[in-house]
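Reviewing the structure listed below.
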Amino acid sequence: MDKNTIAAIVLMGLVLVVFSYLGRPSQAEIEAQRRYNDSIAAVHQAEMEAAEALIAKPVESDALEVAGLTEEEKDSLLLAKAKMNYGELATATSGEEQTFVLENDSVAYHFSTKGGFLVGSELKTYTDFQKQPIRLIRPEEASFGFSFITRTNRVVSTKDLYFEPEQIGPNRLRMTLHSEGGASLSFLYTLEPNYLLDVQIESNGFDQVVAPNAPYLDAMMNMPIYQNEKAAKTEQRYSGISYETASGSVEKLSTSKSVEENISGRAKWVAFRDMFFSTIFYSPNGLESVELISDVKDAKGGSGILKQMEAKYVIPVGNEGISMKIYVGPNDYNLLKELDETLGGETHLSKVVEMGGWFRFINIWIIQPVFNFLEKFISSYGLIILLLTIFIKLLVLPFTYKSYQSQAKMRVLRPQVDAINEKYPGEENMMKRQQETMALYRKVGVSSMGGCLPMLLQMPILMAMYQYFPTSINLRGQSFLWANDLSTYDDVLSWGFNVPLIGDHLSLFCLIMTVVQIFYMNMTQRASGQSMPGMKLMPWIMGIMLFFFLNENAAALSYYLLLSMLISILQTQIFKWTTNDEKLLAELEANKKKPKKKSKWMARLEEMQKQQEQMLREQQKKK
């Protein structure tokens with residue numbers, strides 16, 4: 068390289084350096100440009116964030132008012148964002164929401180194209196305490212849907228997607244979700260007679276949309292239990308979640324507190340149970356990985372919501388399809404029993420109905436059949452309860468008569484018992500008095516426990532009735548005399564605020580029943596010859612306690628107890644008129660002369676009494 072070439076290169080370099088120095092912007096110009104670039108970036112960022120926020124939920128295209136973007140840019144941005152979140156299902160993120168109804172004379176089911184699933188229900192033959200239709204599922208609070216993981220590892224919920232509707236006759240509806248690749252997921256609904264809704268989940272290549280390592284749909288059923296009855300606290304107490312395990316065992320979550328439970332293995336069905344109505348989800352293949360939540364709300368909080376129910380379970384995705392059934396209807400034992408038979412006898416949906424717990428067999432084999440028979444001929448449920456009470460009283464009549472005879476014998480022996488008490492006064496002779504009294508009863512053939520037998524026999528029936536009357540759908544809304552609804556309290560007087568133990572009302576059937584019970588217990592004490600001072604207050608104590616206990620319960624239960632005691636009073640009077648005390652005492656005196664063989668139980672009892680008496684004497688000596 069010659070000297071001229073080197074000089075030219077150096078000169079060109081110096082020129083570039085000088086011009087670069089002279090043409091560079093000032094510090095003020097640099098700051099101005101930076102602020103301009105930052106503002107442009109902020110505008111674009113705001114535009115992107117606004118668009119993304121709108122894409123987060125499907126909206127109408129005319130709602131996309133993103134400043135600075137043309138319509139083509141908006142659509143392009145929305146589609147790009149939808150593809151990023153939903154992949155092949157991006158085109159299903161927009162559409163027009165439509166509602167379809169499948170209905171018969173009993174129930175109406177409402178469906179939405181947004182989500183493609185059930186969004187509402189209405190029972191046509193029942194109303195709540197405010198005379199409004201029973202709506203167990205309401206779109207404003209209920210949330211039913213399915214979520215799944217796509218092959219791009221995105222979690223997608225069907226609640227955010229639009230389905231294509233197809234009405235197939237008056238009782239069939241298909242909702243289909245399409246993918247860009249030609250796969251589809253369909254829900255085919257068929258309304259069957261009464262309240263049953265058949266659901267067929269059909270997959271056409273949809274397993275190619277779902278992630279291969281998670282080939283299932285996560286079902287989420289979330290709905291509240293609304294107040295439909297006048298007695299909110301009572302309704303809340305009977306509301307809860309029931310389910311049947313694969314082995315056939317029907318279990319219930321706690322109704323008194325909020326609770327969560329994971330079911331090990333499969334469940335045949337899950338029921339969101341109200342006092343008189345239920346929403347049941349059933350699958351013949353079983354529900355897998357079931358998680359249940361029951362959240363107790365404030366019954367008097369004013370929201371009208373008693374509990375919040377939630378059930379999650381898994382449905383496998385495949386081309387073979389999945390069958391489900393949904394029942395939204397009354398807790399009618401006969402109806403659910405027929406449904407069990409329709410489903411092949413492998414379910415126990417009828418156990419959703421509260422029928423008495425341990426005493427369920429009494430209601431199933433005695434009370435319910437009698438009700439079913441009488442309903443065919445009698446329309447008045449007050450008269451049906453009267454005939455039912457008479458029927459039960461006739462069943463226990465032999466034992467009731469023996470009980471009265473035992474009380475009559477103890478009454479005529481009362482002078483002799485008083486003589487024993489006078490002969491052995493004082494606390495130190497208490498054991499001796501008992502021994503002599505038992506010896507007297509044994510000689511004349513009287514059992515001190517004879518009067519308790521009818522009460523013991525009637526106690527299971529009473530406990531069964533306590534469960535049956537408040538939850539019987541047959542009695543719901545049935546009026547009798549002044550009671551507008553026999554399934555709840557008959558508040559002839561209410562005052563709008565809560566009084567401890569009583570509440571905010573006065574039940575007339577309960578009040579009359581309490582008065583009659585106090586009278587009946589006093590009469591029974593006189594008939595048996597009891598004269599202990601402490602026992603005289605017992606009828607009043609028992610009567611007042613029973614009033615506090617039943618004032619908010621079903622009027623039918625108080626009415627049944629009232630009839631039962633009135634019939635008992637009549638029976639007692641008839642027994643009294645037909646019993647000759649002098650003749651009865653003569654028979655007892657004659658029994659004293661007959662040889663008596665002491666039973667082993669009586670011998671052990673007397674031996675125990677002697678040991679207690681000896682211990683008592685030794686303790687007194689030490690003092």
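Going left to right, the sequence shown walks through residues 68 to 690 as the working numbering numbers them.
Ideal Cβ placement from N, Cα and C applies to all residues, glycine included.
Proximity to residue i [Cα-Cα], best of the options
{"i": "Ser161", "options": "Ser390, Leu244, Phe167", "result": "Leu244"}
{"i": "Arg241", "options": "Phe344, Asp265, Asp558, Thr467", "result": "Asp265"}
{"i": "Thr217", "options": "Gln275, Glu302, Thr555, Ser179", "result": "Gln275"}
{"i": "Asn589", "options": "Ile636, Arg543, Tyr626, Val559", "result": "Ile636"}
{"i": "Leu441", "options": "Ile431, Asn430, Leu455, Thr409", "result": "Leu455"}
{"i": "Lys226", "options": "Leu169, Gly236, Leu156", "result": "Leu156"}
{"i": "Gly236", "options": "Asn171, Phe576, Phe438", "result": "Asn171"}
{"i": "Tyr256", "options": "Glu489, Glu269, Arg239", "result": "Arg239"}
{"i": "Gly332", "options": "Ser325, Gly315, Leu529, Leu320", "result": "Gly315"}
{"i": "Asp285", "options": "Trp336, Gly212, Met342, Ile308", "result": "Gly212"}
{"i": "Asn439", "options": "Glu189, Leu402, Ile201, Thr166", "result": "Leu402"}
{"i": "Asp571", "options": "Met580, Leu655, Asp558", "result": "Asp558"}
{"i": "Ile579", "options": "Asn647, Ile204, Leu630", "result": "Leu630"}
{"i": "Ala366", "options": "Leu252, Tyr305, Leu410", "result": "Tyr305"}
{"i": "Asn541", "options": "Ala278, Asp648, Gln584, Ser554", "result": "Ser554"}
{"i": "Phe230", "options": "Phe215, Gln267, Glu208, Gly183", "result": "Gly183"}
{"i": "Thr409", "options": "Thr538, Ser345, Leu263, Thr194", "result": "Leu263"}
{"i": "Leu450", "options": "Phe547, Glu503, Leu416, Phe466", "result": "Phe547"}
{"i": "Ser270", "options": "Thr591, Phe344, Tyr283, Val566", "result": "Tyr283"}
Assigned secondary structure, residue i (DSSP; H/G/I helix, E/B strand, else coil)
{"i": "Thr322", "result": "coil"}
{"i": "Arg304", "result": "helix"}
{"i": "Lys643", "result": "helix"}
{"i": "Ala286", "result": "strand"}
{"i": "Phe213", "result": "strand"}
{"i": "Gly439", "result": "With the sequence shown as reference, residue 439 is identified as Asn, and Gly is not the correct amino acid for it. Helix."}
{"i": "Met391", "result": "strand"}
{"i": "Met580", "result": "helix"}
{"i": "Phe586", "result": "helix"}
{"i": "Val691", "result": "A question about residue 691 goes unanswered here, because the residues of the chain that appear run from 68 up to 690."}
{"i": "Phe196", "result": "coil"}
{"i": "Leu156", "result": "helix"}
{"i": "Ile429", "result": "helix"}
{"i": "Glu207", "result": "coil"}
{"i": "Thr225", "result": "helix"}
{"i": "Lys418", "result": "helix"}
{"i": "Ile445", "result": "coil"}
{"i": "Lys650", "result": "helix"}
{"i": "Ile382", "result": "strand"}
{"i": "Ser309", "result": "strand"}
Enclosing beta strand (DSSP E) for residue i [first to last residue]
{"i": "Gly544", "result": "It is not in any beta strand (DSSP E) - Gly544 carries neither H nor E in the DSSP assignment."}
{"i": "Ile235", "result": "Neither: Ile235 is in no beta strand (DSSP E) and is coded neither H nor E."}
{"i": "Gln267", "result": "263-271"}
{"i": "Gly353", "result": "344-363"}
{"i": "Asp571", "result": "570-574"}
{"i": "Ala334", "result": "334-340"}
{"i": "Ser251", "result": "251-258"}
First and last residue of the uninterrupted alpha helix (DSSP H) at residue i
{"i": "Trp607", "result": "605-617"}
{"i": "Tyr556", "result": "Element bounds for Tyr556: n/a, residue is neither H nor E."}
{"i": "Lys297", "result": "Careful: Lys297 lies outside any alpha helix (DSSP H) and carries neither H nor E."}
{"i": "Asn401", "result": "400-409"}
Counterpart residues of residue i in DSSP-defined beta bridges
{"i": "Pro291", "result": "Gln375"}
{"i": "Leu169", "result": "Tyr176"}
{"i": "Leu461", "result": "None, per the DSSP bridge assignment."}
{"i": "Trp562", "result": "Answer by DSSP bridge pairing: none, since Trp562 is not bridged."}
{"i": "Thr243", "result": "Glu231, Ser253"}
{"i": "Pro397", "result": "Phe344"}
{"i": "Leu185", "result": "Phe178"}
{"i": "Ile201", "result": "Leu190"}
{"i": "Asn329", "result": "Glu358"}
Cβ-heavy atom distance, residue i to the ligand COA, below 8 angstroms
{"i": "Val277", "result": "Of the ligands one can find in the structure shown there are none, so the ligand COA has no counterpart to examine."}
- Task: Report the residue ranges of all alpha helix (DSSP H) runs contained in full by the region 465-540; include only those spanning at least 4 residues, in chain order.
- Result: 481-490, 497-511, 520-538
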